[in-house]
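Asker: A single structure is presented below for examination.
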Amino acid sequence: MKADELPYLEPYNSNVFQDIGISFGTWFLIMMNLVPISLLVTLEMVKFFQGWWIEWDWRMVCPDTGIICKVQSSALNEQLGMVHFIFSDKTGTLTKNIMDFKRFTAGAICYGKNDPKQLQYPPGITNVNFEDDAAFQDLENVANPNHNAIWRLREALGLCHTCIVEKKVDEKTQKEYIVYNASSPDELALVNGARHLGFEFTERDEDSNMIIKLAKTGESLSYTLLHVIEFDSARKRMTVVVRTPDKQILVICKGADSIIEKRLAVG
Numbered sequence: 003m004k005a006d007e008l009p010y011l012e013p014y015n016s017n018v019f020q021d022i023g024i025s026f027g028t029w030f031l032i033m034m035n036l037v038p039i040s041l042l043v044t045l046e047m048v049k050f051f052q053g054w055w056i057e058w059d060w061r062m063v064c065p066d067t068g069i070i071c072k073v074q075s076s077a078l079n080e081q082l083g084m085v086h087f088i089f090s091d092k093t094g095t096l097t098k099n100i101m102d103f104k105r106f107t108a109g110a111i112c113y114g115k116n117d118p119k120q121l122q123y124p125p126g127i128t129n130v131n132f133e134d135d136a137a138f139q140d141l142e143n144v145a146n147p148n149h150n151a152i153w154r155l156r157e158a159l160g161l162c163h164t165c166i167v168e169k170k171v172d173e174k175t176q177k178e179y180i181v182y183n184a185s186s187p188d189e190l191a192l193v194n195g196a197r198h199l200g201f202e203f204t205e206r207d208e209d210s211n212m213i214i215k216l217a218k219t220g221e222s223l224s225y226t227l228l229h230v231i232e233f234d235s236a237r238k239r240m241t242v243v244v245r246t247p248d249k250q251i252l253v254i255c256k257g258a259d260s261i262i263e264k265r266l267a268v269g
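To convert, count from 1 in the sequence shown and add 2; that's the working numbering.
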């Protein structure tokens, strides 16, 4: 059988342009798997220089702390370009989320100032910016009508929490001090607020006793923790039941204003 009788065999006609096209197409098909690799290298170099440029941008430096922007991923620039919508809640996700103990109301009297002085607090006391001598005077004066109200407030702030005590040593004075680890900045501010008012939570022992140290006298009080109802989104409040040193049962509840106000007694 001759070749011209087979339909799939065509006579070979030499054509320079056709040979070039076939050769180039064959080369492109062979090398197409190598082109993306070189392209990826080029893209990574571009991303690197973009990240370097972000770090050198003076507008990316925090004016308060002086902290510069640090690029931890080469894909940061393209990831930022993919952001179209930002959803944030009221807990301070995109804000400073600074919680300071500045003012409180005990009984019918409001203590504290809107613009207090920047005072120096002992090591370990954070999230406190309180200034009002009247609060300490009313607390020390047992005959003051508002004395018991401030005392109960200190108990509520210093006992109704889930803070963990951590002891550290001051590098300058080599003295030991207490630092609280709290689940939220507002809880940390309240517990340190009670500490600033002289009601310091020092430890929780093995028998579920919350040990409180009074700053004025140095006396230690033991409150037995009987039960804790954790804060959740449904109740919107936290409750603890303790036995006071004088053997009374005390129920302390803290939470959102809209929840607590409904449960307050008249007067």
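All C-beta atoms in this analysis are idealised placements derived from N, C-alpha and C, irrespective of residue type, glycine included.
Determine the DSSP secondary structure at G27, reduced to helix, strand or coil.
Answerer: For the purposes of this step, residue 27 is identified with residue 25 of the sequence shown, where counting begins at 1. The answer is helix: DSSP assigns G27 an H, G or I state.
Asker: Can you tell which of A158, K104 and Q139 has the C-alpha that lies nearest to the C-alpha of T246?
Answerer: The residue you call residue 246 lines up with position 244 of the sequence shown. Minimum Cα distance to T246 is reached at A158.
Asker: At 3 residues or longer, and completely inside the segment 133-191: list those beta strand (DSSP E) runs for me, N to C.
Answerer: With a minimum length of 3 residues, the continuous beta strand (DSSP E) runs that stay inside the segment 133-191 are 166-171 and 178-183.
Asker: Does the beta-carbon of N17 have 16 or more other beta-carbons within 10 angstroms, so that it is buried, or is it exposed?
Answerer: Locating residue 17 in the sequence shown gives position 15, where the first residue counts as 1. Classification for N17: exposed.
Asker: What whole-angstrom Cβ distance do N148 and F103 have, given they're in contact under 8 angstroms?
Answerer: The sequence position of residue 148 within the sequence shown is 146, counting from 1. The sequence position of residue 103 within the sequence shown is 101, counting from 1. Not confirmed; about 18 angstroms, so no contact.
Asker: Could you give the residue range of the alpha helix (DSSP H) that holds E202?
Answerer: For this step, residue 202 is matched to residue 200 along the sequence shown. Careful: E202 lies outside any alpha helix (DSSP H), inside the beta strand (DSSP E) at F201 to R206.
Asker: So, with DSSP's three-state summary, where would you put F106?
Answerer: Taking the first residue of the sequence shown as position 1, residue 106 is located at position 104. DSSP places F106 in strand when its eight states are reduced to three.
Asker: Secondary structure at S222, three-state DSSP: helix, strand or coil?
Answerer: Residue numbering aside, residue 222 sits at position 220 when the sequence shown is read from its first letter. It is a strand residue.
Asker: Kindly identify the DSSP beta-bridge partner or partners of L78.
Answerer: Translated into the one-based positions of the sequence shown, residue 78 becomes position 76. L78 pairs with nothing; no bridge assigned.
Asker: How long is the line joining the alpha carbons of I231 and G220, rounded to whole angstroms?
Answerer: Counted from its first residue, the sequence shown places residue 231 at position 229. Counted from its first residue, the sequence shown places residue 220 at position 218. Cα to Cα, I231 sits roughly 30 angstroms from G220.
Asker: With respect to the alpha helix (DSSP H) encompassing I261, which residues constitute its N-terminal and C-terminal limits?
Answerer: Residue numbering aside, residue 261 sits at position 259 when the sequence shown is read from its first letter. Its alpha helix (DSSP H) spans residues D259 to I262.
Asker: With the cut-off set at 9 angstroms, would you say V242 and I251 are in Cβ contact?
Answerer: What you label residue 242 is simply residue 240 of the sequence shown in a count that begins at 1. What you label residue 251 is simply residue 249 of the sequence shown in a count that begins at 1. No, they are not a contact pair.
Asker: Go ahead and pull the three-state DSSP assignment for K256.
Answerer: As a position in the sequence shown, residue 256 is number 254, starting the count at 1. K256 falls in the strand class under three-state DSSP.
Asker: Just how far apart, CA to CA, sit I69 and A236?
Answerer: The count along the sequence shown starts at 1 and reaches residue 69 at position 67. The count along the sequence shown starts at 1 and reaches residue 236 at position 234. Taking the straight line joining both Cα atoms gives about 39 angstroms.
Asker: Would F138 count as contacting chain D if we go by Cβ distances under 9 angstroms?
Answerer: Included in the structure is just one protein chain, with no chain D present.
Asker: Measuring only the C-alpha atoms, how far is A202 from M47?
Answerer: Residue 202 sits at position 200 when you count from the first residue of the sequence shown. Residue 47 sits at position 45 when you count from the first residue of the sequence shown. For the sequence presented, residue 202 should be read as Glu rather than Ala. Straight-line Cα distance between these residues: approximately 56 angstroms.
Asker: Inspect the beta-carbon positions of G109 and I152 and report whether they are closer than 9 angstroms.
Answerer: As a first step, residue 109 must be located in the sequence shown, where it is residue number 107. As a first step, residue 152 must be located in the sequence shown, where it is residue number 150. Yes; because the gap between Cβ atoms is below 9 angstroms, this pair is in contact.
Asker: Please report the straight-line C-alpha distance between K127 and R156, rounded to a whole angstrom.
Answerer: If you number the sequence shown from 1, residue 127 lands on position 125. If you number the sequence shown from 1, residue 156 lands on position 154. This sequence places Ile at residue 127; Lys is not what is there. Roughly 15 angstroms between the two C-alpha positions.
Asker: Is the CB-CB distance between K170 and Y182 below 9 angstroms?
Answerer: As a first step, residue 170 must be located in the sequence shown, where it is residue number 168. As a first step, residue 182 must be located in the sequence shown, where it is residue number 180. No, the Cβ-Cβ distance between K170 and Y182 is not below 9 angstroms.
Asker: Use the C-beta contact count for A184: other C-beta atoms within 10 angstroms, 16 or more gives buried, fewer gives exposed.
Answerer: Stepping through the sequence shown from its first residue, residue 184 is reached at position 182. With 16 or more other Cβ atoms within 10 Å, it is buried.
Asker: Would DSSP call I213 helix, strand or coil?
Answerer: Here the question's residue 213 lines up with position 211 in the sequence shown. In this structure, I213 counts as strand in the three-state DSSP scheme.
Asker: Please state whether the Cβ-Cβ distance between I254 and C162 is less than 9 angstroms.
Answerer: The residue you call residue 254 lines up with position 252 of the sequence shown. The residue you call residue 162 lines up with position 160 of the sequence shown. For I254 and C162, yes; Cβs fall inside 9 angstroms.
Asker: Between L42, Q52 and K177, which lies nearest to P124 when the distance is taken from Cα to Cα?
Answerer: As a position in the sequence shown, residue 124 is number 122, starting the count at 1. With distances taken between Cα atoms, P124 lies closest to K177.
Asker: Between which two residues does the beta strand (DSSP E) containing G126 stretch?
Answerer: Here residue 126 corresponds to residue number 124 of the sequence shown, with the count starting at 1. Premise fails: G126 is in no beta strand (DSSP E) and is neither H nor E.
Asker: Between L199 and L121, is the Cβ-Cβ spacing less than 9 angstroms?
Answerer: By 1-based counting over the sequence shown, the position of residue 199 is 197. By 1-based counting over the sequence shown, the position of residue 121 is 119. No, the Cβ-Cβ distance between L199 and L121 is not below 9 angstroms.
Asker: Spatial neighbours of R105 within its chain, please: C-beta separation below 6 angstroms, excluding the five flanking residues on both sides.
Answerer: Position 103 of the sequence shown holds residue 105. Result list for R105: G114, in chain order.
Asker: Skipping 5 residues on each side, what residues in its chain have a beta carbon closer than 8 angstroms to that of G257?
Answerer: Walking along the sequence shown from the start, residue 257 turns up at place 255. These residues qualify, in order along the chain: F233, R237, K238, R239 and M240.
Asker: Can you check which of these residues, N116, C112 and I100, is closest to N129 by C-alpha distance?
Answerer: On the sequence shown, residue 129 is found 127 positions in, with the first residue counted as 1. When each option's Cα is compared against that of N129, the closest is I100.
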